[in-house]
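> Sequential numbering from 3 applies to the sequence shown in this note's numbering.
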Amino acid sequence: MHGRSRDVDPVAPDPTQARQREEPTEAPGVWATRMAIARGEVSIEALLPIVLLHPGERGAILHVIQEALGNAKAAELEAAYLAQLPPDPAQELLAWQPTEVGGARGQAAWLLRAVELGWVDAHGQTRKHLRAYVDGAASVESTEGIPSPANDRGIKPKREVGGGRGVYDVKLGDAPILETLHALVRNHVDDSYARRHYHAHALFDLGTMLRRDHGFGGSRHTIGEAIDLGGMNFETVDDVLHVLELLPEGRVANVFPDNDDHLHLAVHGDAFELGLPFQGNFFRDDDNLVVAQRRAEAAAATDATTLHAEGLSWGSTVVNVSTAQKTSGGWAWSKPAGKAGGRAAVSFLVSKALREKLAAMMKA
Numbered sequence: 003m004h005g006r007s008r009d010v011d012p013v014a015p016d017p018t019q020a021r022q023r024e025e026p027t028e029a030p031g032v033w034a035t036r037m038a039i040a041r042g043e044v045s046i047e048a049l050l051p052i053v054l055l056h057p058g059e060r061g062a063i064l065h066v067i068q069e070a071l072g073n074a075k076a077a078e079l080e081a082a083y084l085a086q087l088p089p090d091p092a093q094e095l096l097a098w099q100p101t102e103v104g105g106a107r108g109q110a111a112w113l114l115r116a117v118e119l120g121w122v123d124a125h126g127q128t129r130k131h132l133r134a135y136v137d138g139a140a141s142v143e144s145t146e147g148i149p150s151p152a153n154d155r156g157i158k159p160k161r162e163v164g165g166g167r168g169v170y171d172v173k174l175g176d177a178p179i180l181e182t183l184h185a186l187v188r189n190h191v192d193d194s195y196a197r198r199h200y201h202a203h204a205l206f207d208l209g210t211m212l213r214r215d216h217g218f219g220g221s222r223h224t225i226g227e228a229i230d231l232g233g234m235n236f237e238t239v240d241d242v243l244h245v246l247e248l249l250p251e252g253r254v255a256n257v258f259p260d261n262d263d264h265l266h267l268a269v270h271g272d273a274f275e276l277g278l279p280f281q282g283n284f285f286r287d288d289d290n291l292v293v294a295q296r297r298a299e300a301a302a303a304t305d306a307t308t309l310h311a312e313g314l315s316w317g318s319t320v321v322n323v324s325t326a327q328k329t330s331g332g333w334a335w336s337k338p339a340g341k342a343g344g345r346a347a348v349s350f351l352v353s354k355a356l357r358e359k360l361a362a363m364m365k366a
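#1: Excluding sequence positions up to five away, which residues of its chain have a Cβ less than 6 Å from the Cβ of T325?
#2: Any heavy atom of the ligand ADP inside 8 Å of the beta-carbon of R41?
#3: Alpha carbon to alpha carbon, how far is V269 from R286? Give it in angstroms, no decimals.
#4: Say whether the segment 212-221 touches the segment 151-160, bearing in mind that this needs 3 or more beta-carbon pairs closer than 8 Å, one atom from each stretch.
#5: Ignoring anything shorter than 3 residues or poking outside the segment 154-237, list the beta strand (DSSP E) runs there in chain order.
#6: Within 10 Å of its beta-carbon, does D395 have 16 or more other beta-carbons around it, so buried, or fewer, so exposed?
#7: By Cβ distance, which residues of its chain are closer than 7 Å to L109, with the 5 residues on each side in sequence left out?
#8: Around the Cβ of R23, are there at least 16 other Cβ atoms within 10 angstroms (buried) or fewer (exposed)?
#9: Can you tell me which of V254, D207 and E251 puts its alpha carbon nearest to the alpha carbon of H125?
#10: Which value, in whole angstroms, describes the spacing of the CA atoms of V323 and K365?
#11: How long is the line joining the alpha carbons of D137 and H266, rounded to whole angstroms?
#12: Would a C-beta distance cut-off of 9 Å place S144 and V169 closer than the cut-off?
#13: Three or more C-beta pairs under 8 Å: does that hold for the segment 271-288 against the segment 225-242?
#14: Going residue by residue through the segment 299-342, where are the continuous beta strand (DSSP E) segments of at least 3 residues, counting only ones entirely within it?
#15: Can you tell me whether N73 is helix, strand or coil according to DSSP?
#16: Taking the alpha-carbon of T224 as reference, which of L351, L174, I67 and Q127 has the nearest alpha-carbon?
#17: In three-state terms, what does DSSP make of F284?
#18: Report yes if the CB atom of L55 is closer than 9 Å to the CB atom of I67, and no otherwise.
#19: Would you list the residues sitting across from T1 in a DSSP beta bridge?
#20: Apply the 10 Å Cβ neighbour rule to L87 and answer buried if 16 or more other Cβ atoms are within range, or exposed otherwise.
#21: Where does D241 sit, in a helix, a strand or coil, going by DSSP?
#22: Report the option in R36, L351, A228 and Y200 whose CA atom is closest to the CA atom of G120.
#23: Kindly list the residues whose CB is nearer than 8 Å to the CB of I148, restricted to its own chain and excluding five residues on each side of it in sequence; keep chain order.
#24: Does the beta-carbon distance from G317 to F258 come in below 9 Å?
#25: Let's see if you can read the secondary structure: which residues bound the alpha helix (DSSP H) around P57?
#26: Below 8 Å CB to CB, which residues in the same chain sit around A140 once its five sequence neighbours on both sides are set aside?
#27: Apart from the five residues just before and just after D192, which ones in its own chain have a Cβ nearer than 8 Å to its Cβ?
#28: Evaluate R41 with the Cβ neighbour count: other Cβ atoms within 10 Å of its Cβ, from every protein chain shown; 16 or more gives buried, anything less gives exposed.
#29: Report all residues from its chain with a CB closer than 6 Å to the CB of A196; omit the five preceding and five following residues, and keep chain order.
#30: In its own chain, which residues sit with a C-beta less than 6 Å from the C-beta of Y83, not counting the 5 before and 5 after it?
#31: In or out: N73 buried (at least 16 other Cβ within 10 Å) or exposed?
#32: Among V320, H190 and D263, which residue has its Cα nearest to the Cα of A2?
#33: Between which two residues does the beta strand (DSSP E) harbouring G271 extend?
#34: Where do the N-terminal and C-terminal ends of the alpha helix (DSSP H) with G147 fall, by residue?
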């Protein structure tokens, strides 16, 4: 008589092995794509949700599609994905040709849009001036310093606002600087995209653009040919070199020392004029005419009655000279004047790279 066989329980599955079979060992989007292909779900309608759910894996997912289904399917999926994205404001900005709107008005509108998107910043007064161009205004108000009596040319402010400052009217014209600024900011956006920096970032501020400059009898700023670029403060030579690379093609006619916190950019005729920061990264302190005057005073003999000094002076494209006469109150220096046949200010630049770049642009 045969005995009844004992029931044998089946061997329980190893839970670790089960998890290994069920859980993906690669990125979830890639794993989901492989599973969809294995199930035969290879339509764009089936694959697109995976890419939309895992946008960070788009490149890897497309590679899987390319290997399994071919280049055409990968390209079709990529196009479908891009079509689902919201419009890129930067691309809209690049596609906008402001001249179609009409000269300065269109260029000002384009720049205001660039400010809104964060590709450039602008001082409050400059924003108002850009808006005035868009609105077709005949003039704008400029708040600036009231000149000293020595520089008073009989132009009184509309009103004083305190702190030695007043409000003046500046007429609006064609403003050639707007065309240059449009090209400069546009090139910044293009350059950023070429470097795969897709997030808007302002490289510099649009500082003072329009002002009366009554103490000088007017200037490039008065007729819309100049702007002071700030924001990055142009503390290094690399800052300036980068902006020079972004400028539209053109010749540099003049280079001179300017305020130490900005880059003065002017366009006159077919050429640029550049005012570089008058500080140690660009010009040596020892080359400053004011420093040379103090040095001459310190070295003066006790019986000296006349002193001479030469060096760089604010706003001058060449080395300046000055003479001092001894008075009961000390030394009285004459107004700086350009030295006949003197060295150009650009030759005093500390940076060899900047000297060479500007030399090439001055020959263009």
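Backbone N, C-alpha and C define an ideal beta-carbon position, used for all residues, glycine too.
Let me spell this out:
#1: H310 and S336
#2: What this structure holds is no ligand at all, so the ligand ADP is not there to describe.
#3: 27 Å
#4: yes
#5: 161-164, 167-173 and 228-232
#6: With the chain covering 3 to 366 only, the question about residue 395 has no answer from this structure.
#7: For clarity, residue 109 is Gln in the given sequence; the question names Leu instead. Cβ within range, chain order: P100, L180, E181 and H184.
#8: Since pLDDT at R23 reaches only 49, below the 50 mark, its modelled position is unreliable, and the value read off the structure follows with that caveat. Result: exposed.
#9: D207
#10: 27 Å
#11: 26 Å
#12: yes
#13: yes
#14: 308-313, 322-329 and 332-335
#15: helix
#16: L174
#17: coil
#18: no
#19: No answer is possible for residue 1: the residues shown for the chain start at 3 and end at 366.
#20: exposed
#21: helix
#22: Y200
#23: P159, E162, G166, R167 and G168
#24: yes
#25: It is not in any alpha helix (DSSP H) - P57 carries neither H nor E in the DSSP assignment.
#26: K173 and L174
#27: L96
#28: exposed
#29: none
#30: V53
#31: exposed
#32: An answer regarding residue 2 cannot be provided, because it is not within the stretch 3 to 366 covered by the chain.
#33: Note, G271: premise wrong, no beta strand (DSSP E); not H, not E.
#34: It is not in any alpha helix (DSSP H) - G147 instead sits in the beta strand (DSSP E) that spans S141 to G147.
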